[in-house]
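Colleague: A single structure is presented below for examination.
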Amino acid sequence: MLKLIREVLKVGQATLPYPFAPVELAPGFRGKPEYDPQQCIACAVCTIACPPNALTMHTDLEQGVRTWSLFYGRCIFCARCEEVCPTGAIRLGHDFELASFSREDLTVRAEFRLAACNLCGAYFASAKELEHVLALLDQAGLPPEDAADRKALLRACPECRRKTDLPRVKPLIQEAFNGRV
Amino acid sequence: MAEYDIKTDSAYAIRPDEAVDRLKGALLKDIQRSCYVYRVDCGGCNGCEIEIFAAITPIFDAERFGIKVVSSPRHADVLVYTGAVTRSMRVPALRAYHAAPEPKVCVAYGACGCSGGIFHDLYCVWGGADKILPIDLYIPGCPPTPPATIHGFAVALGLLNQKMKASYHLQQDDEHPQLLHPQLPLDLRIQVERAARRMAGYWHGRRIADVFLAMIKNGDPLKLSSTLQEYLAAQGDPRLSEIMHRLEEVYLAWLADH
Amino acid sequence: MLLTEEKPKIGQKYVDALRQQFGWSILEEAWQAPDQVTVTVELNSLPSVVETLYYQHGGWLSVVAGNDERPINGHFALYYVLSVEGNEQTPQHEREKCYLVVRSLIPPRQMEFPAVTPRVPAAIWYEREVRDMFGLQPIGLPDERRLVLPDDWPEGLYPLRKDSMDYRYRPEPTTEDETYEFIDVEGEGIVQVPLGPLHITSDEPGHFRLYVDGEYIVDADYRLFYVHRGMEKLAETRMTYDQVTFLADRICGICGYAHNVAYSTSIERALGIAVPERAQYIRTILLEVERLHSHLLNLGLACHFVGFDTGFMQFFRVREKAMKMAELLTGTRKTYGMNLIGGVRRDILKEERVQTLQWIQELRREVNELVAMLLDTPNIVQRTQDIGRLEPKVARDYSPVGPTLRGSGFARDIRVIHPYCAYDRVPWTLTYKDGCDVLARTLIRADEFFESLSVVERCLDTMPEGPVLTEGFRYKPYAYALGYVEAPRGEDIHWSMLGDNQKLYRWRCRASSYNNWPPLRYMLRGNTISDAPLIVASIDPCYSCTERVTVVDVRKKKAQVVPYKELERYCIEKKDSPIKG
């Protein structure tokens, strides 16, 4: 018993002062995912990676709009979104004070425009994503004529790309199958 | 993901009437100093339960604020629902709800309690406490840490203000995402970042790759080796040196290719 | 770890022995890893083959997986996973240790199989579960009740059959009542004590019923699986195989990382992925950090149940240091989300290493003092010695795992028998005791705590260089293998089979407590009801309390419901029996 009292006295006050002072968190603490819509290209990689579907994306091909949404109430703070994001638009910060009276206040949404195909006019990809990919082509340092060719190709939807590609690849296919097609 | 017509989603939800709402307002005003909490585990993984435990033990000591975990819903002012509400726990959870005297505050705790979390659309769960009960406060987290728990209770009791706010962003015309390290060739950046992630994981890896890429960008490539030595000597971390030298090899191999 | 022709086939001698004994009943064998072999046997000889392996070759039943393989081969399949470790006549050094999986196919028109439980009692829960989830009838199984599915689940709907339902389908509840039938204990005047499913101090729901004669427990029955969420189905549907690591974390809030490693290694074995050495050390470190906070929790609860609440608070104060350690190394207090298939997601750099080593020193000193204090408390020995005895015979029959088994004199730890991660490269000592009682199990946890501290230290000191993650492996359709980890409560084992769509075809995960619950009945018998909470806590189940206990008095023929709080108080104070009068 005496030992116990001695131990208690030795330890003194163990309780942390929080919430009257901030708590000390490890540098790598995984808190609230902080989202930067400026940097987001609506590519959907995070929504595919997110294990609990806290991140979701809805694409409206009629209206040409894609809505990205994050529901903190479902987030498991695994940081897969941060790990896979190609532009660093989402990072886990140190904030953990998420308590909220409504589900709505736990939701972050962002609405992005879709790009229309330069051949058929159908919406097919996020405009910012397309812009980003074109910028990456420049960063990759392709020769200008190659880059122009590829850029033109990328502005078309997959369906039109397939159609325009067909005449070009047909001889290759015929060659591969010894003219049997 | 295709929307699936989930039958009975909130068909079982209890809806409170106005009188109860009024009483609840009065309760929140009156019990600021002390409240009794009863935990209802509706099929959680235990993570939340243990963190609530941690919140009431010496280091965090929620009892400082008069928040006390009690052993019967009949004593409780606050019911804390954890877990995604499994089918087996629906009836017991409702029994606990009815056993607690009005007015009471219901808290959905943790990702599962708030929305079903990672289990949100499974056959054997109802997907969160608010599918069967009126919920007053959501405390997200997987699990919420003890400070997050204390903060949540403080918000529930009106001692602290809610920090979260819904946000809606509409794409503007002047929105252009920044390229990462635009001055460097794309394939070099990607090779370095990948090597860094393989060596140190996504979190350390990104920081280390950023430092290294900044060195390439800002310095004379011929002097990279000595700049790196200096930096690593100052850090004094053998593992960091190993990772950085690995990145240097990647860079040299890239240079040789170009 | 890629299996090639030259790799050794550990377990060949057991397969040969089976062939000799059962001849044509043994249909085929295939090795998934050097020490993992799956033997397909003819259905009618399934019970005899499992029994032979269990009792003649030193087998322990690890898990049973049912599988709907109709889309692959037109049959249902059963996989009885045994850890075969050699019989007692074989000299210690000659005992080959391997996982031997007995597989049998069931034609869909038959839908039944001979139950193994009458021969090997350890199979009881598994066979009930197979019946719930697949509708396969174990013929000869005495217990006809549901195990996993809730009472309000419709008859004849089997969630894990591939053609039964969408994973999101939520049928209307068939009942608003709880219809589970507890066992009838024959005898004069037995009192029932129901406990649960809601409870006060901690953890998961479960419902207990104790049958007592006066103060003494005659028998016990329990209804668990209140938390059945359907995650095995989830892993086969919504998630891709590399997302399941994050789901595996959430099987258990205390030993989640152990499940995560068990799952990851099962996939890595199936795909033949060589995990980098450094990642294996980091996994070992994190597994031990998890053991630190888990054992401190249990030691704290041991204090609580013998009425030493100051000790409980002190253990929880110290435990926070282990939690900080987890937060530093992983970014969360729960060691969650640290694995990917092929490695780990975070390295350990200098700052983390130095800080962790410092906290280990502090923990060692502080916990040493607390354990000494706990053992000095006069009533600890008196309350725990010879209480809740798990007889070695019962232990052998039911394959319990972890400290529960090691407290009954078996030196059985997966880290030794089937080493994984870095356990065969860092030196450490195994603890086991033959007290068979609550005291033995508590002392083992205390010893293991200090051993874990040393393992973390040694791993940090000898961590190899190199990457922590490997990429660029190929997904192989329908490959399957086992993954296993000695979690704080014992062996966690996962049997995973890949599909052909970047998902799992079947995932069977078995938590350690699953094997520890069935023998609990025998541990409770003959003890006073005031010791029941203490005994339940001593297997460190994924919970330690339930709301209330139905006490059934055998002599007075009177059933009485005692609030659990009252029982817990009685356990702590040992006076004013709640069932007197």
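Protein chains in written order, with my numbering: chain B, 22 to 202; chain F, 56 to 313; chain W, 898 to 1478. Virtual Cβ for every residue (Gly too), placed ideally from N, Cα, C.
#1: Less than 8 Å between the C-beta atoms of residue 1349/W and residue 1189/W, yes or no?
#2: For a contact meaning CB atoms closer than 7 Å, what does residue 104/B contact in chain F?
#3: Counting only Cβ-Cβ distances shorter than 8 Å, please list the residues of the region 130-141 of chain F near chain W, keeping chain order.
#4: In terms of residue numbering, what span does the alpha helix (DSSP H) encompassing residue 1292/W cover?
#5: Taking the DSSP output, what are the residues bridged to residue 1490/W?
#6: With a threshold of 8 Å between beta-carbons, can residue 72/B be considered close to chain W, or not?
#7: So with Cβ pairs under 8 Å, would you call residue 28/B a contact of chain W?
#8: Since residue 130/B sits in a beta bridge, which residues does DSSP pair it with?
#9: Name the two residues that bound the continuous beta strand (DSSP E) containing residue 927/W.
#10: How far does the alpha helix (DSSP H) with residue 112/B in it extend, from its first residue to its last?
#11: Verify the CB distance criterion: does residue 282/F have a CB-CB separation below 8 Å to chain C?
#12: Looking at residue 94/F: is its Cβ nearer than 8 Å to the Cβ of residue 1049/W?
#13: According to DSSP, is residue 134/F part of a helix, a strand, or is it coil?
#14: For residue 185/B, tell me which candidate among 197/B, 24/B and 171/B has the shortest Cα-Cα distance.
#15: Run through chain W and tell me which residues come within less than 8 Å of residue 109/B, C-beta to C-beta.
#16: Report, in whole angstroms, the separation of the C-beta atoms of residue 191/F and residue 167/F, which I expect to be a contact under 8 Å.
#17: Let me see if you follow: with CB-CB separation under 8 Å, is residue 120/B close to chain F or not?
#18: Cα separation between residue 221/F and residue 151/F?
#19: Could you pull the start and end residues of the beta strand (DSSP E) that residue 145/B belongs to?
#20: Within its chain, find whatever has a CB closer than 6 Å to the CB of residue 1023/W; leave out the 5 residues flanking it on each side and keep chain order.
#21: What does residue 964/W pair with, by DSSP beta-bridge criteria?
#22: Beta-carbon within less than 6 Å of residue 1223/W's beta-carbon, same chain only, minus the 5 sequence neighbours each way: which residues are those?
#23: Looking at C-alpha atoms only, which residue of 113/B, 119/B, 93/B and 138/B is the closest neighbour of residue 170/F?
#24: According to DSSP, is residue 66/F helix, strand or coil?
#25: In angstroms, rounded to a whole number, what distance separates the CA positions of residue 994/W and residue 1335/W?
#26: Could you give the first and the last residue of the continuous alpha helix (DSSP H) run that contains residue 54/B?
#27: Tell me where the alpha helix (DSSP H) around residue 1142/W begins and ends.
#28: Answer yes or no: does any C-beta atom of chain W fall closer than 8 Å to that of residue 49/B?
#29: CB-CB under 6 Å to residue 1280/W, same chain, minus the five flanking residues each way: which ones, in chain order?
#30: Measuring only the C-alpha atoms, how far is residue 1169/W from residue 1318/W?
#31: Quick check on residue 979/W: does DSSP put it in helix, strand or coil?
#32: For residue 180/F and chain B, any beta-carbon pair shorter than 8 Å?
#33: Give every residue of the same chain whose Cβ lies closer than 6 Å to the Cβ of residue 1014/W, excluding the five residues on either side of it in the sequence, and list them in chain order.
#34: Take the Cβ of residue 1027/W as the centre, count every other Cβ of all protein chains shown within 10 Å, and call the residue buried at 16 or more, exposed below.
#35: Residues of chain W with CB under 9 Å from residue 42/B, in chain order?
#36: Could you tell me which residues DSSP pairs with residue 1392/W in its beta bridges?
Modeller: Looking at the atomic coordinates:
#1: The residue given as residue 1349/W occupies position 452 in the third sequence. The residue given as residue 1189/W occupies position 292 in the third sequence. For residue 1349/W and residue 1189/W, yes; Cβs fall inside 8 Å.
#2: What you label residue 104/B is simply residue 83 of the first sequence in a count that begins at 1. Within chain F, the residues near residue 104/B are 257.
#3: 138, 139 and 141
#4: Looking up residue 1292/W in the third sequence gives position 395. Looking at the DSSP string, the run of the alpha helix (DSSP H) that includes residue 1292/W is 1289-1295.
#5: The question about residue 1490/W has no answer here: the residues shown for chain W are numbered 898 through 1478.
#6: Numbered from 1 along the first sequence, position 51 holds the residue referred to as residue 72/B. Judged by the 8 Å Cβ criterion, residue 72/B is in contact with chain W.
#7: In the first sequence, residue 28/B corresponds to position 7, counting from 1. Yes - at least one Cβ of chain W is within 8 Å of the one on residue 28/B.
#8: Taking the first sequence and counting its residues from 1, one reaches residue 130/B at position 109. Bridge partners of residue 130/B: 90/B and 223/F.
#9: Residue 927/W sits at position 30 when you count from the first residue of the third sequence. Unbroken beta strand (DSSP E) run through residue 927/W: 923-930.
#10: Here residue 112/B is taken as the residue at index 91 of the first sequence, counted from 1. No alpha helix (DSSP H) holds residue 112/B; the beta strand (DSSP E) holding it covers 111-113.
#11: Annotation note: the requested chain C is absent from the structure, which comprises protein chains B, F and W.
#12: For the purposes of this step, residue 94/F is identified with residue 39 of the second sequence, where counting begins at 1. For the purposes of this step, residue 1049/W is identified with residue 152 of the third sequence, where counting begins at 1. No; because the gap between Cβ atoms is not below 8 Å, this pair is not in contact.
#13: Here residue 134/F corresponds to residue number 79 of the second sequence, with the count starting at 1. Strand.
#14: Residue 185/B sits at position 164 when you count from the first residue of the first sequence. Ranking 197/B, 24/B and 171/B by Cα distance to residue 185/B puts 171/B first.
#15: Along the first sequence, read from residue 1 onward, the residue named residue 109/B stands at position 88. The premise fails here: residue 109/B is roughly 17 Å from chain W at the closest Cβ pair, so nothing lies under 8 Å.
#16: Counting from 1 along the second sequence, the entry for residue 191/F is found at position 136. Counting from 1 along the second sequence, the entry for residue 167/F is found at position 112. Between residue 167/F and residue 191/F the Cβ distance is about 17 Å, and since that is not below 8 Å, they are no contact.
#17: Walking along the first sequence from the start, residue 120/B turns up at place 99. Closer than 8 Å: yes.
#18: Residue mapping note: residue 221/F aligns to position 166 of the second sequence, counting from 1. Residue mapping note: residue 151/F aligns to position 96 of the second sequence, counting from 1. The straight-line gap from Cα to Cα measures roughly 31 Å.
#19: In the first sequence, residue 145/B corresponds to position 124, counting from 1. First-last of the beta strand (DSSP E) with residue 145/B: 144-147.
#20: Here residue 1023/W refers to the residue found at position 126 of the third sequence. Contacts found: 961.
#21: Translated into the one-based positions of the third sequence, residue 964/W becomes position 67. In the DSSP output, where bridge partners are listed per residue, residue 964/W has 974/W.
#22: The residue given as residue 1223/W occupies position 326 in the third sequence. Closer than 6 Å at the Cβ level, and outside the excluded window around residue 1223/W, lie 1186, 1230 and 1232.
#23: In the second sequence, counting from the first residue as 1, residue 170/F sits at position 115. When each option's Cα is compared against that of residue 170/F, the closest is 93/B.
#24: Walking along the second sequence from the start, residue 66/F turns up at place 11. Residue confidence for residue 66/F is low, a pLDDT of 48 falling below 50, so the modelled location carries little weight; the figure read from the coordinates is stated next. Looking at residue 66/F - three-state DSSP - the assignment turns out to be coil, as it is neither helix nor strand.
#25: Start at 1 with the first residue of the third sequence, and residue 994/W comes out as number 97. Start at 1 with the first residue of the third sequence, and residue 1335/W comes out as number 438. Taking the straight line joining both Cα atoms gives about 29 Å.
#26: The residue labelled residue 54/B in the question sits at position 33 within the first sequence. That residue, residue 54/B, is in no alpha helix (DSSP H); its beta strand (DSSP E) goes 54-56.
#27: Working through the third sequence from its first residue, we reach residue 1142/W at position 245. Taken as a continuous stretch (DSSP letters only), the alpha helix (DSSP H) holding residue 1142/W covers 1141-1145.
#28: Working through the first sequence from its first residue, we reach residue 49/B at position 28. Yes, because at least one Cβ of chain W sits closer than 8 Å to the Cβ of residue 49/B.
#29: Stepping through the third sequence from its first residue, residue 1280/W is reached at position 383. Answer for residue 1280/W: 1203, listed in chain order.
#30: Counting from 1 along the third sequence, the entry for residue 1169/W is found at position 272. Counting from 1 along the third sequence, the entry for residue 1318/W is found at position 421. Their Cα atoms are separated by approximately 15 Å.
#31: Locating residue 979/W in the third sequence gives position 82, where the first residue counts as 1. Note: residue 979/W maps to strand in three-state DSSP.
#32: Residue 180/F sits at position 125 when you count from the first residue of the second sequence. False, the Cβ-Cβ gap to chain B never drops below 8 Å.
#33: By one-based count along the third sequence, residue 1014/W stands at place 117. Here the set comprises 1020, 1021, 1024 and 1038.
#34: Along the third sequence, one-based indexing puts residue 1027/W at 130. By the 10 Å Cβ count, residue 1027/W comes out buried.
#35: Here residue 42/B corresponds to residue number 21 of the first sequence, with the count starting at 1. What residue 42/B touches in chain W: nothing, since even the nearest Cβ is about 17 Å away.
#36: Stepping through the third sequence from its first residue, residue 1392/W is reached at position 495. Partner(s): 1379/W and 1405/W.
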